[in-house]
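One structure below.
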Amino acid sequence: MNFKRSTTTMVIAIMALSLISMTSVQQDVFASGPGMSITATADQGSNTIAVTGMTALASNDVTFVVKSPSGNNLVTIAQVTPDDDGNFTVIFKVGQTWNEDGLYSITATQGQSSIYTLTVFVEVTSGMTEETSVTQSTLEMESILSIQTNVDKYTGLEISADAVEGSTTIEITGSTDRISEGITLTVTSPNGNIVSIAQVSPDVNGEFTTVFTTGGPLWKQDGNYIISAHQNDDEMYNVSVTVEIIDGVVIPEFGTIAAMILAVAIISIIAISAKSRLSIIPRY
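Numbered according to the numbering used here, the sequence shown spans residues 1 to 284.
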């Protein structure tokens with residue numbers, strides 16, 4: 001028996017098995033279920049918007065449609081073919097057709113299923129982009145997320161609004177158990193008009209923050225403004241809060257005002273009662 005040849009063959013077999021095992025581990029970490037993910041990035045004052053993405057349908061083209069802030073104008077259309085790993089990239093140049101100021105919607109579509117239709121928003125002012133980095137995803141990446149995050153599963157989406165009386169800023173903070181999906185926040189005026197839209201991406205702990213600035217012609221109506229957060233079609237991931245705006249500034253909740261009035265009233269009653277008791281003390 002040729003032991004040298006047998007040893008060599010065994011070594012080669014072990015190396016081959018090792019490579020197969022390494023490949024399997026790599027796939028377990030990075031592979032995802034059905035769905036698609038897109039990320040839009042832009043620098044402040046630039047005329048370039050880069051959209052990168054990943055899809056489970058590597059064999060199908062991805063179609064992009066860009067619409068103006070008003071939704072009435074089709075700005076541009078693009079189509080890209082993902083590589084063998086499902087990755088793709090497209091670049092949009094802000095030009096003459098980008099003549100409205102506001103949030104431009106960029107919608108990526110691949111097939112008929114809703115999990116292959118995603119929309120992100122990029123703000124353009126005077127033909128220049130605002131600094132942007134926003135992601136929308138329907139990919140399930142449980143293996144890598146379970147390592148990277150401490151978020152409790154199935155807690156849903158939660159938001160809260162924090163504002164000071166008389167302030168022109170509203171800070172929205174929240175948390176979610178789905179950190180791979182972006183969150184769209186929409187502010188609706190008392191008469192039902194959309195005042196502002198923002199998109200945020202949760203951090204590895206599922207937390208996020210964004211700030212809305214009141215004032216201007218869109219905030220001229222007095223009343224309760226609804227701030228809605230949407231992450232997907234599940235009702236656990238659609239929540240809202242209400243903030244009262246008068247003359248373009250924040251008004252505290254009724255409960256806070258009522259508590260202050262009640263406290264003052266109690267103090268006044270105590271003072272009057274004490275004075276009354278003193279006045280009825282008999283004199284000798």
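Don't be surprised by glycine CBs; every beta carbon is placed ideally from N, CA and C.
By the Cβ test, the stretch 198 to 218 is in contact with the stretch 130 to 141, since at least three Cβ pairs between them sit closer than 8 Å.
Just so you know, the alpha carbons of Val-80 and Asn-205 end up roughly 33 Å apart.
Using a C-beta cut-off of 8 Å, the stretch 156 to 169 makes contact with the stretch 231 to 243, since at least three inter-stretch Cβ pairs fall below that distance.
Pairing Ile-245 with Thr-63, the inter-Cα distance amounts to about 40 Å. Sixteen is the threshold: since fewer than 16 other Cβ atoms of the shown chains lie within 10 Å of the Cβ of Asp-84, the residue is exposed. The DSSP-derived three-state label of Ser-114 is helix. Under the DSSP assignment, Tyr-237 falls outside any beta strand (DSSP E); it carries neither an H nor an E label. Non-local beta-carbon contacts of Ile-183 in its own chain, meaning distances under 8 Å to residues more than five positions away in sequence, involve Leu-157, Gly-174, Thr-176, Gln-199, Val-200, Ser-201, Pro-202, Phe-208, Ala-229, His-230 and Gln-231 in chain order.
A residue is called buried once 16 or more other Cβ atoms fall within 10 Å of its Cβ, and Glu-181 is buried on that count. Taking a C-beta distance under 8 Å as the contact criterion, Val-249 and Thr-188 do not qualify as a contact pair. Under the criterion of beta carbons closer than 8 Å, Thr-125 and Asn-47 do not qualify as touching, at roughly 12 Å. Counting along the chain, the unbroken beta strand (DSSP E) around Lys-67 starts and ends at 62 to 67. Between Ala-56 and Thr-89, the alpha-carbon positions lie close to 15 Å from each other.
Here Gly-71 is exposed. Its C-beta has fewer than 16 other C-beta atoms within 10 Å. Setting aside the 5 residues that flank it on each side, Gly-102 is surrounded in the same chain by Pro-69, each with a C-beta closer than 6 Å to its C-beta; the list follows chain order. If you draw a straight line from the Cα of Ser-59 to the Cα of Asn-87, it comes to about 11 Å.
In the structure shown, Leu-74 adopts extended strand secondary structure according to DSSP, grouped into three states. With contacts defined by Cβ atoms closer than 8 Å, Val-65 and Ile-77 form a contacting pair. Annotation for Ala-229: the continuous beta strand (DSSP E) segment containing it runs 223 to 230.
Minimum Cα-Cα distance from Leu-74 among the listed residues Ile-106, Gly-53, Thr-117 and Thr-41 corresponds to Ile-106. In this structure, Ala-163 lies away from Val-241, with their beta-carbon atoms at least 8 Å apart.
Counting every other CB atom within 10 Å of its CB across the protein chains shown gives Gly-53 a total of 16 or more, marking it as buried. Taking all protein chains shown into account, Gln-110 has 16 or more neighbouring C-beta atoms within 10 Å of its C-beta and is therefore buried. DSSP places Ile-170 inside the beta strand (DSSP E), whose first and last residues are 169 to 176. As computed with DSSP, Ala-198 is found in a beta bridge with Leu-185. Following the DSSP letters along the chain, one finds Asn-87 inside the beta strand (DSSP E) bounded by residues 87 to 93. When DSSP states are grouped into helix, strand and coil, Leu-139 belongs to the coil group.
Annotation for Thr-214: no beta strand (DSSP E) segment contains it, and DSSP assigns it neither H nor E. Under the 10 Å beta carbon count, Ile-194 is surrounded by fewer than 16 other beta carbons and is classified as exposed. Look at Gly-102 here: in three-state DSSP terms it is strand.
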